[in-house]
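Trainee: Quick note: the sequence shown, position 83, residue 134 per my numbering, numbers continuous.
Where is the CB? At the ideal position from N, CA and C, for every residue including glycine.
For clarity, every value in this text was computed on a predicted model and none was experimentally measured.
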Amino acid sequence: MNLSIERENQRINTNRVVVSGEIDVFTAPEFKKNLLPLTELNGGALILDLNKTNYMDSTAIGVIVAALKSSVKHHCKFSVVGLTPRIERLFEITGLTELIARTQVGGGDTNE
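1. Secondary structure at N85, three-state DSSP: helix, strand or coil?
2. Look at the alpha carbon of T90 and the alpha carbon of V132, and state the distance between them as a whole number of angstroms.
3. Tell me whether the beta-carbon of L101 lies closer than 9 Å to the beta-carbon of I151.
4. Pull up the distance between the alpha-carbon of P136 and that of V68, whole angstroms please.
5. Counting only the same chain and skipping the five closest in sequence on each side, list residues whose C-beta sits under 6 Å from that of G72.
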């Protein structure tokens, strides 16, 4: 897994995390270590770009759910972009697509 963090707009504190390769049980700890602190920037925004991600397992889904919950707690706008068809299908099967959409639009509680 390669991970890069790009600052999109310093004025509004927007970060883009671009992940390429695989996010699995071996790479998820590094993914989490780099992603979660960016969700704790009150009033900021975080864009997770998965366009170059070709595989993820349940540990990656767990990290994304943790990031989503943390972003809600810290009032950080969290979005996921660049889903490949394979990753998009995984999001749909696990209900992550609906959870992210509900949290962004409705401000729903993520403590399920």
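Mentor: So, from the data block:
1. The residue given as residue 85 occupies position 34 in the sequence shown. In the structure shown, N85 sits in a helix (DSSP, three-state: H, G or I).
2. Locating residue 90 in the sequence shown gives position 39, where the first residue counts as 1. Locating residue 132 in the sequence shown gives position 81, where the first residue counts as 1. Their backbone Cα atoms lie some 16 Å apart in a straight line.
3. Working through the sequence shown from its first residue, we reach residue 101 at position 50. Working through the sequence shown from its first residue, we reach residue 151 at position 100. Cβ atoms of L101 and I151: not closer than 9 Å.
4. The sequence position of residue 136 within the sequence shown is 85, counting from 1. The sequence position of residue 68 within the sequence shown is 17, counting from 1. When rounded, the distance between both Cα atoms is 19 Å.
5. Sequence index remark: in the sequence shown, residue 72 carries index 21 (1-based). So the list reads M52, N53, once near-sequence residues are dropped.
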